[in-house]
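In the numbering used here, the protein residues as written are 6 to 665.
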């Protein structure tokens, strides 16, 4: 849980004072390590669960305040956005039936959160990125009103000096700007913790780095963002870019993003991580500090090291070093932030078991993994896993290059089994959870692949919004059943929310974003060909900065062709006949308002503009298709009747023309 009692000010004197306190915390930690004050001989595990809350359509439900009003369990807490919620599980001693107990606790808390959300007509969804989320859901209005989040947003925005830029390329490509850190709220994860002694920390941390790639490849569950098919675990790229403060004009200067995998192996001590992160990353947040850690040590007590913990919470290594105190005894933990939320509780526990087993198994087999593989190769493996999941190719410790699924099945599952057995984990639990990993890899149906295959199955039916809604609602229902994802049937459009109209939908749900546009100096003849070739009735005119400057409709073009007496030399430019400054709307405009606007002004198309940039278009043809789908649902038409209705709608559209 993050510290919420933070200050938003950026006064240099306050930052200097906090930094000096941070230095004292570092010195105190060094003394504690030197004096062997840390707990040893004890293995504990723990986890944090992040979730989305969704409405009956499967879209984000910003109800966190209403949920917390009804909540009495202090383990259930806020996250960045109003439609995220998190709970933190109590630590468990590693070994025996710890994973069965972790599953039981996770399931109980999931049901508790589900019950709270159902009281406010919502549900929970377990996925790395919510498929139905729109960019408009990440406005500052949807930030959970807590000082930490506002302060973090202010600090990140100040350091990067403007809007954040996001560019992720997969099957499709996302390229967008956003003016806050709110897109961090697109991501939810299942974070696991592993307590180790200070002496073991370097070796175990390096093992965690090595196994991050295969564990992620087997667990991917975040392939869709704003309807675009990107990485198998898009969450990795998105989170990095959401809090990135680097400038793009520093030539060849090497700078690390605040979300990062690391720069090298840990050689001797956890202090290498803390010192590097303090050296590389500026202080973002401050808080009131009422202890001097060195004085606390002199008095024989254990300091909280709040300055160190607060700064550490603003540097997001995928494997993070954590300091904590249990029953008055300080300890060190490795926090694994790699794994996404979902698809089900049993899938998450299986992912965790695979990770714990691999870390322990490698620690038994290798004293120093840095002698067997270069750090950059491990980092490359991680990025490959995020991009391609089980289709990745990994460089492994034996020098081989192997497909991810073969490496996992042939070598890593047996290695994890060995590590778990030597740690005293219940044999039945080992077989159950690693069996889920094995079946998932054999079928190659991860959560990510299930989402992509489900969308492909629905490719030619419904609108994009309807398909994404059906996917999310199908996911939620399967999560309630609790079967692991490799047993899931694909989602179908019929599983989506059946609307009785366009109420509560936005233009963004139906707009077309694959646009054919022209500039105002291009020839009218080209526009005519463009309409004919692409079978479209409206062409938008934009400038070099993608700002909307005009629109040409099919009717406008026909009128011009009929009235012109001769073709001027070189052709007439588009700007001479286009409708200048056409009526436009933003993506978050309610659909019914857009329909009424088109009727009022007798226009056949509405350009969609966000922050002065053209992002889409919605036309009368889109609304005819929507109306046809609603009519089919109402009348219960069979396939032949649907075809006849569609043909009639198309005929009406072609005959009616479009107003300009």
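Glycine included, each C-beta is placed from N, C-alpha and C at the ideal position.
task: Specify, as a first and last residue, the run of the beta strand (DSSP E) that residue 334 falls within.
output: One-based indexing of the chain shown puts residue 334 at position 329. Residue 334 -> beta strand (DSSP E) spans 334–341.
query: In whole angstroms, what is the alpha-carbon distance linking residue 561 and residue 582?
result: Within the chain shown, residue 561 is the residue found at index 556, counting from 1. Within the chain shown, residue 582 is the residue found at index 577, counting from 1. Their Cα atoms are separated by approximately 8 Å.
message: I'd like the ranges of any alpha helix (DSSP H) spanning at least 4 consecutive residues and lying wholly in the segment 199–264.
response: For the segment 199–264, whole alpha helix (DSSP H) runs of length 4 or above, ordered along the chain, are 206–222, 239–247.
message: Residues in the same chain with beta-carbon distance under 6 Å from residue 362, minus the five sequence neighbours each way, listed in chain order, please.
response: In the chain shown, residue 362 corresponds to position 357, counting from 1. Result list for residue 362: 421, 424, 425, in chain order.
field: Segment limits, beta strand (DSSP E) that includes residue 51
entry: Numbered from its first residue, the chain shown carries residue 51 at position 46. 49–59 is the extent of the beta strand (DSSP E) around residue 51.
query: Exposed or buried, what is residue 624 when buried is set at 16 or more other beta-carbons lying within 10 Å of its beta-carbon?
result: Position 619 of the chain shown, counted from the first residue, corresponds to residue 624. So residue 624 counts as buried.
field: Contacts around residue 376, its chain only, beta-carbon distance under 6 Å, and the 5 residues preceding and following it disregarded
entry: By one-based count along the chain shown, residue 376 stands at place 371. Nothing meets the Cβ criterion.
query: Rounded to whole angstroms, how far is the Cβ of residue 54 from the Cβ of residue 122, which I believe are closer than 8 Å?
result: Mapped onto the chain shown, residue 54 falls at position 49. Mapped onto the chain shown, residue 122 falls at position 117. Contact flag wrong, Cβ pair sits at about 14 Å.
field: Where the beta strand (DSSP E) through residue 93 begins and ends
entry: In the chain shown, counting from the first residue as 1, residue 93 sits at position 88. Taken as a continuous stretch (DSSP letters only), the beta strand (DSSP E) holding residue 93 covers 89–93.
query: Any idea if residue 621 is buried or exposed, counting beta-carbon neighbours within 10 angstroms, 16 or more meaning buried?
result: If you number the chain shown from 1, residue 621 lands on position 616. Taking all protein chains in view, the Cβ of residue 621 is crowded by 16 or more other Cβ atoms within 10 Å, so the residue is classified as buried.
Inter-residue spacing [alpha-carbon to alpha-carbon] between residue 3 and residue 616: There is no way to answer for residue 3, as the model of the chain reaches only from 6 to 665.
task: Taking only runs that begin and end inside the segment 585–623, name each unbroken alpha helix (DSSP H) of 4 or more residues, in chain order.
output: Fully enclosed alpha helix (DSSP H) runs of 4 or longer: 596–606.
query: So what does DSSP say about residue 647, is it helix, strand or coil?
result: Position 642 of the chain shown, counted from the first residue, corresponds to residue 647. Unreliable placement is indicated for residue 647, whose pLDDT of 46 sits below 50; no coordinate value is reported for it.
task: Counting only the same chain and skipping the five closest in sequence on each side, list residues whose C-beta sits under 6 Å from that of residue 531.
output: In the chain shown, residue 531 corresponds to position 526, counting from 1. Correct list: empty, nothing qualifies.
message: Do residue 173 and residue 179 have their beta-carbon atoms positioned less than 7 Å apart in this structure?
response: Indexing the chain shown from 1 puts residue 179 at position 174. Indexing the chain shown from 1 puts residue 173 at position 168. Yes, the Cβ-Cβ distance between residue 179 and residue 173 is below 7 Å.
- prompt: For residue 662, which three-state DSSP category applies?
  reply: As a working note, residue 662 is residue 657 in the chain shown. Residue placement at residue 662 is flagged as unreliable, the pLDDT there being 33, under the threshold of 50; a coordinate-derived value is accordingly withheld.
field: Where residue 657 sits in the DSSP three-state scheme
entry: Locating residue 657 in the chain shown gives position 652, counting from the first residue. For residue 657, the predicted model reports a pLDDT of 37, less than 50, meaning its position is unreliable; a value from the coordinates is still stated below. Residue state for residue 657 is assigned as helix, using DSSP reduced to three classes.
field: Cα-Cα separation, residue 37 to residue 313
entry: One-based indexing of the chain shown puts residue 37 at position 32. One-based indexing of the chain shown puts residue 313 at position 308. Answer to the nearest angstrom: the Cα atoms are 14 Å apart.
- prompt: When DSSP builds the beta bridges, which residues end up paired with residue 191?
  reply: For the purposes of this step, residue 191 is taken as residue 186 along the chain shown, with counting starting at 1. Residue pairing of residue 191 in beta bridges, as defined by DSSP: absent, with no partner found.
task: Find the nearest neighbour of residue 366 within the set 215, 98, 130, 42, judged by alpha-carbon distance.
output: Against the chain shown, residue 366 aligns to sequence position 361. That would be 215, whose Cα lies nearest to the Cα of residue 366.
field: Between the CA atoms of residue 385 and residue 409 - distance to the nearest angstrom
entry: As a first step, residue 409 must be located in the chain shown, where it is residue number 404. As a first step, residue 385 must be located in the chain shown, where it is residue number 380. The alpha-carbon atoms of residue 409 and residue 385 are separated by roughly 13 Å.
- prompt: The alpha helix (DSSP H) with residue 377 in it runs from where to where?
  reply: Stepping through the chain shown from its first residue, residue 377 is reached at position 372. DSSP places residue 377 outside any alpha helix (DSSP H), giving it a letter other than H or E.
task: Take residue 19 and list the residues in its own chain whose beta-carbon comes closer than 6 Å to its own, dropping the five residues that flank it on each side.
output: Working through the chain shown from its first residue, we reach residue 19 at position 14. Annotation for residue 19: 291 place their beta carbon closer than 6 Å to its own, counting only its chain and skipping 5 residues before and after.
query: Per DSSP, residue 545 forms a beta bridge with which residues?
result: Taking the first residue of the chain shown as 1, we reach residue 545 at position 540. Residue pairing of residue 545 in beta bridges, as defined by DSSP: 522, 556.
- prompt: DSSP state of residue 410, grouped into three classes?
  reply: The residue you call residue 410 lines up with position 405 of the chain shown. Reduced to three states, the DSSP call for residue 410 is helix.
message: Tell me which residues share the same chain as residue 546 and place their Cβ nearer than 8 Å to its Cβ, disregarding the 5 neighbours each side in the sequence.
response: Against the chain shown, residue 546 aligns to sequence position 541. Counting only residues of its own chain and dropping the five nearest sequence neighbours on each side, residue 546 has a CB closer than 8 Å to the CB of 522, 523, 524, 525, 553, 554, 555, 556, 557, 579, 580, 583.
message: My assumption, with CB atoms under 8 Å, is that residue 491 sits in contact with residue 445. Please give the rounded CB distance.
response: Sequence index remark: in the chain shown, residue 491 carries index 486 (1-based). Sequence index remark: in the chain shown, residue 445 carries index 440 (1-based). Indeed they touch by this definition, with Cβ atoms about 4 Å apart.
- request: Go ahead and pull the three-state DSSP assignment for residue 322.
  value: Against the chain shown, residue 322 aligns to sequence position 317. Looking at residue 322 - three-state DSSP - the assignment turns out to be strand.
message: I'd like to confirm the pairing. Which residues does DSSP put opposite residue 97 in its beta bridges?
response: Numbered from its first residue, the chain shown carries residue 97 at position 92. Beta-bridge pairing links residue 97 to 50.
query: How close, in whole Å, do the beta carbons of residue 176 and residue 234 come, if the pair is a contact with beta carbons under 8 Å?
result: Position 171 of the chain shown holds residue 176. Position 229 of the chain shown holds residue 234. In this structure residue 176 touches residue 234 by the C-beta definition: roughly 4 Å separates them, less than 8 Å.
message: If contacts are defined as beta-carbon pairs under 8 Å, then residue 193 and residue 232 qualify, I think. What distance do you get, rounded to the angstrom?
response: The residue you call residue 193 lines up with position 188 of the chain shown. The residue you call residue 232 lines up with position 227 of the chain shown. Residue 193 to residue 232, Cβ: 18 Å. No contact.
Extent of the continuous beta strand (DSSP E) run through residue 266: Translated into positions along the chain shown, residue 266 becomes position 261. Segment: none, residue 266 is in no beta strand (DSSP E) and carries neither H nor E.
task: Measure from the alpha carbon of residue 117 to the alpha carbon of each residue in 103, 137, 248, 93, then state which is nearest.
output: Here residue 117 refers to the residue found at position 112 when the chain shown is read from its first residue. It is 93 whose Cα lies nearest to the Cα of residue 117.
task: Would you grab the beta carbon distance between residue 82 and residue 125 for me? Rounded to a whole angstrom, and I think it's under 8 Å.
output: Walking along the chain shown from the start, residue 82 turns up at place 77. Walking along the chain shown from the start, residue 125 turns up at place 120. Going by Cβ atoms, the distance from residue 82 to residue 125 rounds to 17 Å, so no, they are not a contact pair.
- request: Report, in whole angstroms, the separation of the C-beta atoms of residue 56 and residue 138, which I expect to be a contact under 8 Å.
  value: Counted from its first residue, the chain shown places residue 56 at position 51. Counted from its first residue, the chain shown places residue 138 at position 133. Contact between residue 56 and residue 138 is absent: CB atoms are separated by about 14 Å, not below the 8 Å threshold.
Neighbourhood of residue 169 by C-beta distance below 6 Å, restricted to the same chain and skipping five residues each side: As a working note, residue 169 is residue 164 in the chain shown. Closer than 6 Å at the Cβ level, and outside the excluded window around residue 169, lie 183.
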